[in-house]
């Protein structure tokens, strides 16, 4: 990790000093290449990042690649069944090693001069080099990994932050979903014309849902807030929650978010980057599908379709909405000051057979539409904040408390030594 | 308006000090991002800019949008029939409000969270915000506007420069053309691969016309200058002028440019950014059409096709050539250090019916060809001035006096506090 | 030539101080815009650059254009049959003069205002300019040229480095190939997504050949090095060399590279930028064609197909592989910090008739495949060196001695005052 240069740090500090509580961020935070460089350094190269799903790496040698800005990474399952990750860059002259998005390798062989690395990253052979080369010093640069309930995380920092508290909360919540026994039913890759923080600003409120997400609001309660959750809405949610609780208790599931409005996240006071909760869907909906009906076989340990919706999230790059029958993960990666790459992945039970047990065209629309609606809003926000007359505006205390929480969490990361 | 930072000002001053009278500008002025930023600040965000035509905004709520670099603007007709303009950016989190090039709105509703603004820019509702929000402080940022003889101008500065002297000159000249009673017959949008000042360098001389504009030179006298306006040319122009004057006096039109060569403009000594004149066309030509014949119904108050050509221009972004039967406006907008967006608009009488009274294919070629010939020259100039061996060369005192005038006017704007 | 500013020089010096002997260069050298600017200044605007072939400029007025980054150049044959080159930029307002890649001109006429230059670069007329203009001061900026054995070189420096030592070595070697009596059979233009130095790193070793160049390694010995040239390989090469030597002596050709491995080049100790050698092909191969057979009429003075392979190279932008029947030249030009433009040209005897004497589809594959294989490796290297964890790795003393030689030669150029 390269700490920020003193000059850059001063410039960033001056920008931070101009931020106002409960207001959107000033333009530089969404557009400036130096702020983006600081984001890479302070957020993206220090945090735990969601990389992919365990079910993408089944056999030893199965790998996926991803890029955090210009840092290419390869994540693979090693001979002991553990997930490992490395900088996907040859230690000889720096060539990219694995050039495909995914595949299976025996050893990792550089296409340029065939330097060959084991699945543990060790340099095994470099034919043509002088014998005095110390191969033990030329292994691939390792990247920290964690595997949890079917989700794979990586961290580029030398000293990664704690992961175990996240596991303590998330693993028991995620376990019944059985994502480690899932398979990937569909993937959609998107290039969002917006800074990654605008994508989180969008994700962290449902203030925009009523008009922009006609599909989403039919299934959920979280677009209602203190200001507009009528008595009737509250009663409906309480009834759905009560009914669910009684039923779920039997199979060890708990309702952990009982109010309208989104669960609070992230938590800047605790510097907490992870969250998970289970909550009720609207009566009559058992899945985030277009009509609320089950569209694939039950996943994991679920005895019944009525399990509400499981939500998982980790800043800076992951959220997941899981229903009884499918799970949808969104992974963000930074691609420039005004560009974010999103990959949306739909998972179903590993044994489900396409065409027989589920149809991709039933599975996709709910989150494909919702995602694409959001990416367009993010791009419209990006265009606007570039204006010389853009001024940070006030956030709704009813509806954008999580946008404010994200802002504070972000500024806390920026300020870290 | 953000005044230039001291460092930037010093750098610009050093560049200005290297400019030579009666020579083209040094490379930095056509390529450097910092000079471009200064141009935005000193020219584009201070000057009156042509935005569009009155006939594009007929009903209350009719609007057009345009962008001055990253500043998106919306120009609309309000409930009192006045033209108003605003920064097209929501005061909440900065989202672009009107995303279409033109349309009609009741109120301006942000697509993101439906903050709703009146046609006067006032924030009328922001459902979901806490009651203590002071809506009166959250109206759209206004932009100054002026409407004159069917032309709409805007100014992004807090304190716009005087407009009334321009009106005093231009309005009486433009009035008989009747552009406020016109309709748009055709629009062509161009991306010119050149700095906006190269486009003016091109516009401000007809030294390049003989070879490059075979259509234009048939109709006009202004490509002849003191060095090559033969006795015969001078006599022809004098005859055309005399004939016109006699005839035009009856209907209140005057010949205001009687010499060969282009009318002097801009005027750096008076810091004058506007100009208008009427001059004779070549004998046998009553319209800037390919064959000089009338190609659409008479516009405005013209009793007769023989009214010569009306010219209007304002730096930094507008020129108009009007004939008896149609008017052609060119609007420039800056799109980067080496990129200028041009919109060319053809107007005819509001009552003219396409197919019956005029054909677009007759109307377009004269100025479509002439414009595209110019854009190609501008792009060739841009490529050349990027060379490390480009040196500003001498301007022709016969033919490029207006290029020199533009250069001086521009440097005067750059130097303003 | 603009010497580097003191600040830039200091920054470059700090970067150079971090370079390690016998290791690839740090990231900044392959990516940083300031290093690229220094490369243009210290290497590209000071060195002799291969521009094209004599046979492209047969008649007086024949010209080609090329661009060294933003510097457009025109190279032509003048009325005395000499090759001349000029900055392809009008001395008036900087417009590009010759806009085609090649053509023939009587005089060079600027498309903008028809300033007209002779084939010697002198400004002959500038109709429309005031008489006091001193035309003698407004000729095209000349560029130094040399013609040698059918190859044309240019140098943008005011004071070019010595060329005659290069001629002394190269001309006698190249002469028998008869490239001045050749014609161009095919040209392929490539945009390589890599810094120009990565292209040389690739060119200066055959460590990557075994796996990546299946065509190339069948014909040649130079992918074998001290570490892997078995006794059998050495015997085969010695036999081929001995056989060739005996035969070639009769026609005045000499084997000048007798070992496996690539000829040493460049030579940083002597600051030597040119090299030429003739070496044996594998037994049974008389041409670098897919099957080793002759595919076009003999070129130049060759009495027989068995003439091995002639190699010519000059840093920073040229290499040539010539067989008995055809010659292939590669010209590099810088197009940005991470972008290099390559033009590969195939030459055959001037009298050879396509379809009758040779087929383009036989001529192209060997070097088209080999080139495209290389460009892809260069792009993979570029992607990798951008990683924040890329570290310069060790070079093979057996196989990458020329990569190291190039690195030293390059750093020597950067350090020049």
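Protein chains in written order, with our numbering: chain A, -4 to 412; chain B, -4 to 412; chain C, -4 to 412.
Beta carbons are placed, not taken as given, at the ideal position from N, Cα and C, and that holds for glycine.
None of the values given here were measured: they were computed from a predicted structure.
Within chain A, the residues placing a beta-carbon under 9 Å from that of residue 106/B are 203, 206, 207, 371, 372, 375, ordered along the chain. In the pairwise beta carbon analysis, the stretch 114 to 131 of chain B is classified as not touching the stretch 253 to 266 of chain B: fewer than three pairs are separated by under 8 Å. Under the three-state reduction of DSSP output, residue 341/C falls in the strand class. Secondary structure of residue 171/B (DSSP, three-state): helix. When the beta-carbon positions are compared, residue 404/B and residue 194/B stay at least 9 Å from each other.
Ranked by how close their Cα comes to the Cα of residue 373/C, the residues 218/C, 232/C, 207/C have 207/C in first place. At a Cβ-Cβ threshold of 9 Å, residue 211/B and residue 283/B count as neighbours.
A contact between stretches requires three or more CB pairs, one per stretch, nearer than 8 Å, and the stretch 73 to 86 of chain C fails this requirement with the stretch 30 to 38 of chain C. When the Cα atoms are used, residue 55/A and residue 184/A turn out to be separated by approximately 26 Å. Distance from residue 316/B to residue 306/B at the Cβ level is roughly 6 Å; contact confirmed, criterion being Cβ atoms closer than 8 Å. Of the candidates 47/B, 329/B, 400/B, 400/B places its Cα closest to the Cα of residue 18/B. Separation of the CB atoms of residue 47/A and residue 86/B is rounded to 40 Å, and the pair is thereby denied contact status at 8 Å. When the alpha-carbon of residue 213/C is set against those of 295/C, 10/C, 332/C, 275/C, the nearest one is in 275/C. Residue contact with chain A for residue 122/B: present (Cβ-Cβ distance below 9 Å to some residue of chain A). Taking all protein chains in view, the Cβ of residue 312/B is crowded by 16 or more other Cβ atoms within 10 Å, so the residue is classified as buried. Taking one beta carbon from each stretch, the stretch 54 to 69 of chain C and the stretch 328 to 338 of chain C have 3 or more pairs nearer than 8 Å; the two touch. Scanning chain C for C-beta atoms nearer than 8 Å to the C-beta of residue 381/B yields 65, reported in chain order.
Using a CB distance below 7 Å, the part of the stretch 79 to 91 of chain C facing chain B consists of 82, 84, 85, 86, 87, 88, 89, 90, 91, ordered along the chain.
Taking a contact to require three or more Cβ pairs closer than 8 Å, the stretch 154 to 172 of chain B and the stretch 224 to 236 of chain A do not qualify as touching. If you check the CB distance, residue 299/A and residue 293/A come in under 9 Å.
Interface criterion not met: the Cβ of residue 187/B is under 9 Å from no Cβ in chain A. Taking the beta carbon of residue 196/B as reference, the chain C residues within 8 Å of it are 88, listed in sequence order.
Where residue 119/C is concerned, there is no enclosing alpha helix (DSSP H), although the beta strand (DSSP E) around it starts and stops at 118 to 120. Boundaries of the beta strand (DSSP E) harbouring residue 186/B: 177 to 187, taken from the DSSP string. As far as DSSP is concerned, residue 208/A takes part in no beta bridge. Non-local beta-carbon contacts of residue 246/B in its own chain, meaning distances under 6 Å to residues more than five positions away in sequence, involve 298 in chain order. Counting the other Cβ atoms within 10 Å of the Cβ of residue 5/C gives fewer than 16, which makes it exposed. Cβ atoms of residue 31/A and residue 377/A stay farther apart than 8 Å, at about 13 Å. By the criterion of a C-beta distance shorter than 7 Å, residue 73/B is surrounded in its chain by 55, 79, 114, 115, once the five residues flanking it on both sides are discounted. Listed along chain B, the residues sitting closer than 9 Å to residue 94/C by beta-carbon distance are 375, 378. Beta bridge pairing from DSSP links residue 392/C with no other residue. Under DSSP, residue 150/C shares a beta bridge with 139/C. Taking every protein chain shown into account, the CB of residue 368/A has 16 or more other CB atoms within 10 angstroms, so this residue is buried. Counting the other Cβ atoms within 10 Å of the Cβ of residue 221/C gives fewer than 16, which makes it exposed.
Shown here for residue 49/A: same chain residues with a beta carbon closer than 8 Å to its own, the five before and five after excluded, namely 78, 142, 145, 146, 147, 174, 175 in chain order.
Look at residue 388/C: its C-beta is under 9 Å from a C-beta on chain A.
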